[in-house]
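Remarks on the structure that follows.
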Amino acid sequence: MDKRVILASASPRRRELLEQIGIDFEIGISNQEELYVSTKPSEIVKELASQKAHNVAAKIQGELENVIIIGADTIVVLDNQILGKPKDEEEACQMLFRLQGKPHQVFTGTAILSYDEKGMLTVNTHAEETKVFVHEMDESEINGYIQTGEPMDKAGAYGIQGKFAAYIDKIEGDYYNVVGLPISYIYQQMKHYMGGEDEKTESI
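Taking this note's numbering, the leading residue of the sequence shown gets 182, the next gets one more, and so forth.
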């Protein structure tokens, strides 16, 4: 069954991952303010991903038959503290100094809203965790990386798929989750939903 697929994210990295596995989709930008009530990182990312997906759905009310909307949100967690996108180079420097020489966790939450031919909704939310080990970095390496401009639009002030790869000792878990989307999980879910086998239930 053909369905309209919408990625509720402006992230070029998430777009590239969906393109990589051959899914035809369009972009729907969420302007949802990122507010959450959850306290666990895994729940926070699911909550934020769901908000983004529902925000995009609200913009196309009346056009939701045979539509799948994918929302996603990624956070970096170090010592139980969330590191978001740095607001400036100074904050990026502080984040990278804290991350270097230590392991941290990356959580990506996804929310898939699948509407059938009658507009009935199935919701699936999921959180993936990956542990990332960063090599020790000196001040010149941190400053040099910041000057590349890579850190400024990324949670935790780094991109594993870019120049920061030089400082990744190892990971435990899904690499693509750190990039921004647990793409194998998404693919398996899309096989189910695109096959038109949706059940009219909400699964969390």
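Even for Gly, the Cβ is constructed at its ideal location relative to N, Cα and C.
Quick one, which of the options has its alpha-carbon nearest residue i's?
i	options	result
Leu362	Ala191, Val304, Ile323	Ala191
Ile187	Ser365, Glu214, Pro222, Val237	Val237
Phe278	Pro193, Glu309, Pro332	Pro332
Ile249	Ala338, Gln369, Leu302	Leu302
Ala338	Tyr356, Val315, Ile241, Lys184	Val315
Glu271	Glu197, Glu214, Ile323	Ile323
Val258	Pro222, Asp205, His307, Asp319	Pro222
Leu280	Glu320, Tyr356, Lys233, Glu310	Glu320
Asp205	Arg185, Glu224, Asp269, Gly300	Arg185
Glu224	Asp260, Ala347, Glu309	Glu309
May I have the straight-line CA-CA distance separating residue i from residue j, to the nearest angstrom?
i	j	result
Gln286	Ser295	29 Å
Glu353	Gln342	16 Å
Pro193	Lys351	24 Å
Ser384	Gly325	Because the pLDDT of Ser384 is 38, which lies under 50, any placement of that residue in the model is unreliable, and the number read from its coordinates should be weighed accordingly. Rounded to the nearest angstrom, the two C-alpha atoms are 45 Å apart.
Gln275	Lys344	18 Å
Gly265	Ala336	4 Å
Tyr374	Ala230	18 Å
Met371	Glu215	26 Å
Gln328	Glu317	18 Å
Ile263	Glu246	37 Å
Asp260	Gly282	13 Å
His307	Tyr357	15 Å
First and last residue of the beta strand (DSSP E) that includes residue i?
i	result
Lys372	No beta strand (DSSP E) holds Lys372; the alpha helix (DSSP H) holding it covers 364-375.
Gln262	262-264
Lys351	349-353
Ala189	185-189
For the putative contact between residue i and residue j, defined by C-beta atoms under 8 Å, what is the C-beta separation to the nearest angstrom?
i	j	result
Ser219	Glu228	5 Å
Thr291	Ile251	7 Å
First and last residue of the alpha helix (DSSP H) that includes residue i?
i	result
Gln386	Residue 386 lies beyond the residue range present for the chain, which begins at 182 and ends at 385; the question has no answer from this structure.
Note to self: For a minimum of 3 consecutive residues, which ranges assigned as the beta strand (DSSP E) are wholly contained in the segment 274-339?
What the structure shows: 284-296, 302-315
Would you list, in sequence order, the uninterrupted beta strand (DSSP E) runs of no fewer than 3 residues that lie entirely inside the segment 205-258?
none
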